[in-house]
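Colleague: In the working numbering, the protein residues as written are 45 to 307.
Each residue gets a CB set at the ideal place from its N, CA and C atoms; glycine is no exception.
Given the structure is predicted, the values throughout are model-derived calculations rather than measurements.
Below is the structure I would like to discuss, written out as structure tokens.
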Amino acid sequence: MDKIEYALITGASAGVGKEMAYMLAKKQKNLVLVARSERVLEAMQKELQDSYGISVLVFAIDLSREGAAQSLFTFCQEKMFVSLLINNAGVGAFGESVALGTSVLPMLYLNILSLTELCAFFGKEMKERGRGSILNIGSIAGNQPTSFFASYAASKSYVLNYSLALRHELRPFGVNVTCAQPGYIRTGFDDTCNIKSEKYKRFSYKNGMSAKNVAKKALAAVFRKRSFVRIGFTNKIVAFVSTFIPRNLLAFLMSKSIRSMTK
Ligand SMILES: NC(=O)c1ccc[n+]([C@@H]2O[C@H](COP(=O)([O-])OP(=O)(O)OC[C@H]3O[C@@H](n4cnc5c(N)ncnc54)[C@H](OP(=O)(O)O)[C@@H]3O)[C@@H](O)[C@H]2O)c1
């Protein structure tokens, strides 16, 4: 008997991931919800199963740890075929790179290594079956060097370039890979980055999109099999204009802008 199909969302307990879970449930997709907050996921599981009559499985795990992606894959492999993988879990780290020191390593593990492992594990099965989709959530910050967000922004550059390269490896085998690049989103993200500046937080809130809107646009890009999508009109313009600016100048302008906002 063929395995039942599921969509798997990492970072499903809050923000964009949570919104995507509700949107996919409305489309009658069975779901695997992944994050660390087990109780939140279990509450969502009950609500989504009761409201939409779908199957929802919960896997609580810290994806910033070695071996976590493998455990998640093993859990899924026995029970289902994951035909849509959404690598959404991600955190940031704000501050001077030398002051942050090695505290950024778990963030890099989550944003880069676990995402890569999950793409490899689930992408292999999709390739063998000749179908499937992967959505990786990057960031508009991944388009340029961003002082005070240096390693976070660089991790999102990785997400974009890795996703585009993977797309062209898997495309001939019927598997789609999309990277979504949102800008500011009104979620708990700024708090997890440990941003203290009220000025910065006000700016990010004022210019932020809702998690619902971002989730809708990211999923639409997947259903249209787009290679990548920059989410938000201003973000699209800024990203386009910045392609004409020399990278070192861009890095200088970004450092000036963030420094002034955090003073
Ligand atoms: N918010 C923004 O301004 C913004 C802008 C551009 C891009 N993005 C990207 O958008 C994605 C979603 O962000 P968001 O704004 O929705 O953030 P959020 O509201 O803070 O949600 C983050 C999600 O990731 C999960 N998570 C965090 N650390 C984890 C870990 N170690 N292991 C497993 N799950 C973990 C969290 O759940 P638990 O705490 O329960 O584990 C939560 O479900 C991220 O990749 C982020 O980089 C955000």
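Name the two residues that bound the continuous alpha helix (DSSP H) containing Ser-95.
Modeller: Against the sequence shown, residue 95 aligns to sequence position 51. Ser-95 -> alpha helix (DSSP H) spans 82 to 96.
Colleague: Pull the bridge partners of Val-225 from the DSSP assignment, please.
Modeller: What you label residue 225 is simply residue 181 of the sequence shown in a count that begins at 1. One detail in the question is off: residue 225 reads as Gln in this sequence, not Val. DSSP lists Arg-274 as partners of Gln-225.
Colleague: Is the separation between the beta-carbon of Gly-218 and that of Val-282 shorter than 9 Å?
Modeller: Working through the sequence shown from its first residue, we reach residue 218 at position 174. Working through the sequence shown from its first residue, we reach residue 282 at position 238. In this structure, Val-282 does not lie closer than 9 Å to Gly-218 by Cβ.
Colleague: Does the count of Cβ pairs from the segment 50 to 70 and the segment 124 to 131 closer than 8 Å reach three?
Modeller: As far as the Cβ criterion goes, the segment 50 to 70 touches the segment 124 to 131, which means the pair count is three or higher.
Colleague: So Ser-158 and Ala-104 are in contact, right, with Cβ under 8 Å, and what is the actual spacing, rounded?
Modeller: Here residue 158 refers to the residue found at position 114 of the sequence shown. Here residue 104 refers to the residue found at position 60 of the sequence shown. Going by Cβ atoms, the distance from Ser-158 to Ala-104 rounds to 14 Å, so no, they are not a contact pair.
Colleague: Note down the Cα distance separating Tyr-249 from Asn-279, rounded to an integer number of angstroms.
Modeller: Position 205 of the sequence shown, counted from the start, is the residue given in the question as residue 249. Position 235 of the sequence shown, counted from the start, is the residue given in the question as residue 279. Approximately 15 Å, taken between the alpha carbons.
Colleague: Suppose you measure from the CA of Val-203 to the CA of Phe-277; what does that come to, to the nearest Å?
Modeller: Counting from one through the sequence shown, the residue named residue 203 turns up at place 159. Counting from one through the sequence shown, the residue named residue 277 turns up at place 233. Those two C-alpha atoms are separated by around 21 Å.
Colleague: State the Cα-Cα distance for the pair Ile-156 and Ala-58, rounded to the nearest angstrom.
Modeller: Locating residue 156 in the sequence shown gives position 112, where the first residue counts as 1. Locating residue 58 in the sequence shown gives position 14, where the first residue counts as 1. Approximately 20 Å, taken between the alpha carbons.
Colleague: Where do the N-terminal and C-terminal ends of the alpha helix (DSSP H) with Met-151 fall, by residue?
Modeller: As a working mapping, residue 151 is identified with position 107 in the sequence shown. Where Met-151 is concerned, the enclosing alpha helix (DSSP H) stretches over 149 to 152.
Colleague: Within 10 angstroms of its Cβ, does Lys-73 collect 16 or more other Cβ (buried), or is it exposed?
Modeller: Along the sequence shown, read from residue 1 onward, the residue named residue 73 stands at position 29. Burial call: buried.
Colleague: Report whether the distance from the Cβ of Phe-233 to the nearest heavy atom of ligand 1 is below 8 Å.
Modeller: Here residue 233 refers to the residue found at position 189 of the sequence shown. Correct: Phe-233 has its Cβ closer than 8 Å to ligand 1.
Colleague: Residues in the same chain with beta-carbon distance under 6 Å from Phe-272, minus the five sequence neighbours each way, listed in chain order, please.
Modeller: In the sequence shown, counting from the first residue as 1, residue 272 sits at position 228. Same-chain partners within the cutoff: Cys-223.
Colleague: In the DSSP output, which residue or residues are listed as bridge partners for Phe-125?
Modeller: Here residue 125 refers to the residue found at position 81 of the sequence shown. In DSSP, Phe-125 forms a bridge with Glu-49.
Colleague: Thinking C-beta only, is Asn-187 closer than 9 Å to Cys-163?
Modeller: Here residue 163 refers to the residue found at position 119 of the sequence shown. Here residue 187 refers to the residue found at position 143 of the sequence shown. No. Outside cutoff.
Colleague: Ligand 1 and Asp-46: does the residue's C-beta get closer than 8 Å to at least one heavy atom of that ligand?
Modeller: What you label residue 46 is simply residue 2 of the sequence shown in a count that begins at 1. Every heavy atom of ligand 1 is 8 Å or more from the Cβ of Asp-46, so no.
Colleague: Taking the alpha carbon of Arg-173 as the point to measure from, which residue in Ala-56, Leu-116 and Leu-214 has its own alpha carbon closest?
Modeller: The sequence position of residue 173 within the sequence shown is 129, counting from 1. Cα-wise, what sits closest to Arg-173 is Leu-214.
Colleague: State the DSSP-derived secondary structure class of Ile-302, mapped to helix, strand or coil.
Modeller: Locating residue 302 in the sequence shown gives position 258, counting from the first residue. Reduced to three states, the DSSP call for Ile-302 is helix.
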